[in-house]
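Before any comments, here is the structure.
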Amino acid sequence: MKLISTIRERLGIKLFLSYLVIIAVSSVMLIGTAEFLSPTALNRHITRMQAVLGDHPGLAADLFENFNAAISEILTAAIIVALLAAIAVSIFTARRIIGPIQVMMKASHNIAAGDYHERINVLSEDELGALARSFNRMAEELEETEQRRLELIGDVAHELRTPLSSIRSTMEGLVDDVLPADPATFMNVQREVSRLQRLVQDLEELSQAESGQLSLEPRVVTPNEFIRPALERLENQYQDKGVDLKVHTAPDLPKVWVDPGRITQVLLNLLGNALQYTPSGGDVTVRVWSEGQEILTEVQDTGIGIPPEHLPHIFERFYRVDKSRSRAGGGSGIGLTIARYIVEASGGRIWAESPGLDQGSTFAFTLPLAS
Ligand SMILES: Nc1ncnc2c1ncn2[C@@H]1O[C@H](COP(=O)(O)OP(=O)(O)OP(=O)(O)O)[C@@H](O)[C@H]1O
Ligand SMILES: [Mg+2]
């Protein structure tokens with residue numbers, strides 16, 4: 005039983021046994037063929053030799069016996085040599101095959117133990133080489149995921165620290181009678197608490213988006229179905245701040261295949277940002293038109309703009325151009341990240357352009373037409 009389970013568990017022994025089986029089968033075939041063919045062949049040759057040597061009594065029987073013994077001797081020696089050669093070859097090939105597998109096994113144990121730097125040398129172009137390459141790809145992705153996880157924890161801790169320390173210092177001020185127990189003080193605390201609440205909500209959505217679990221219920225919709233709700237929601241805030249909101253939608257826009265609620269969420273974020281980063285008296289213009297197989301939506305403002313060195317980063321989570329300014333406005337730098345996930349999951353692209361500081365910004369995204 006122990007022998008069987010050892011054989012089952014060891015690829016090297018299996019390979020060795022398979023070589024032995026091949027040798028055994030070939031030997032049986034060889035001996036069988038020799039046994040079958042040798043009497044006829046020997047008799048034919050002995051008859052020819054008799055013609056040369058003359059017909060001595062008992063010569064044919066002697067020759068037959070001796071030739072037969074010679075054939076058996078040669079076959080036995082050949083089988084033993086073949087067996088030894090097979091053992092040598094099987095040890096060599098088993099090492100070639102099992103060596104890389106053992107390396108991969110060790111590497112995967114190390115990865116499981118948390119060492120994500122582990123990589124394998126790709127030594128061949130065959131299936132084992134391909135396996136090693138895909139192992140390395142997997143290790144790379146795991147390392148990136150781990151890196152993102154650590155960054156996320158760091159970012160979240162950092163985002164929580166500011167409102168928490170603000171609440172704490174207000175509370176200490178109240179306890180020590182340094183701050184008056186009036187509505188303004190409590191409003192301060194309330195503001196920080198709502199910021200925390202919004203942050204937690206955004207984080208929940210961000211983690212869903214990053215793990216690809218953002219729920220989307222796409223259907224065939226006209227662009228108006230996601231534009232109008234966003235405009236209606238923000239109209240009053242635009243009026244209150246004194247920022248002019250203009251809308252240009254091309255007539256007869258084709259239908260798109262998206263989740264309208266989610267695209268409204270994207271627009272709310274872009275329009276919210278435009279309002280937040282555009283001073284009173286400025287303009288924000290929404291344009292919607294179709295181009296090729298896509299619908300393009302653009303939100304252009306005449307606000308504070310984005311310096312070119314920040315443009316490539318603003319869709320990264322927690323990225324804010326002016327950290328103190330946008331934090332004061334309640335921003336945590338997650339809105340655009342979620343917007344990008346939604347647009348990309350809907351089959352579109354999103355990007356930002358800005359000529360520079362104080363020269364306004366333009367955000368645009370595409371959506372696929374319903375086919
Ligand atoms: N229209 C804009 N004009 C100038 N800067 C902008 C504009 N929109 C976004 N930004 C910059 O990009 C950053 C990221 O925007 P994002 O919407 O992701 O975060 P946020 O508005 O700070 O916070 P929130 O997560 O609440 O939306 C902002 O902090 C801001 O610096
Ligand atoms: Mg925002």
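The sequence shown begins at 5 in the working numbering and counts up one residue at a time.
A virtual CB, placed ideally from N, CA and C, is assigned to each residue, including glycine.
The structure displayed is predicted, hence computed values, not measured ones.
Counting C-beta pairs closer than 8 Å gives fewer than three between the stretch 281-293 and the stretch 337-345, which falls short of the contact rule. In the three-state scheme derived from DSSP, where H, G and I count as helix and E and B as strand, S9 is classed as helix. DSSP places S375 in the coil class of the three-state scheme, outside both helix and strand.
In this structure, G360 sits near P311, with a CB-CB distance shorter than 8 Å.
Just so you know, the alpha carbons of G335 and I115 end up roughly 38 Å apart. DSSP places T370 in the strand class (E or B) of the three-state scheme.
When C-alpha distances from R232 are compared across I101, G265 and Q212, the shortest belongs to G265.
Shortest gap from the CB of L132 to any heavy atom of ligand 2: 7 Å or more. Using a Cβ distance threshold of 8 Å, S170 and I267 do not count as a contacting pair. Taking the Cα of R141 as reference, the smallest distance to any Cα among R12, I8 and M108 is reached at M108. Taking C-beta atoms as the reference points, R321 and L272 fail to come closer than 8 Å. By the C-beta density criterion, I354 is buried, having at least 16 other C-beta atoms within 10 angstroms. In this structure, the CA atom of L41 is about 15 Å from the CA atom of A73.
Here DSSP, grouped into helix, strand and coil, assigns K259 to coil. The alpha-carbon separation between L15 and I102 amounts to approximately 7 Å.
As computed with DSSP, K250 is found in a beta bridge with T289.
For D206, the uninterrupted alpha helix (DSSP H) segment begins and ends at P187 to E214. Rounded to whole angstroms, S31 and Q54 show a C-alpha spacing of 32 Å. For A213, the shortest separation between its Cβ and any heavy atom of ligand 1 does not lie below 7 Å. The DSSP assignment places no complete run of the beta strand (DSSP E) inside the stretch 86-169 (cut-off: 3 residues).
The C-alpha of Q194 is placed about 10 Å away from the C-alpha of Q201. Here the stretch 312-319 makes no contact with the stretch 234-249; the two share fewer than three CB pairs at distances below 8 Å. Nearest to D119 by alpha-carbon distance, out of L146, R137, L275 and I157, is L146. Taken atom to atom, the span from the alpha-carbon of D180 to that of T174 is near 10 Å.
For I299, the enclosing beta strand (DSSP E) starts and ends at E298 to D305.
Note on G309: 16 or more other CB atoms within 10 angstroms of its CB, so buried under the neighbour-count rule.
For I342, the secondary structure class from DSSP, reduced to helix, strand or coil, is helix.
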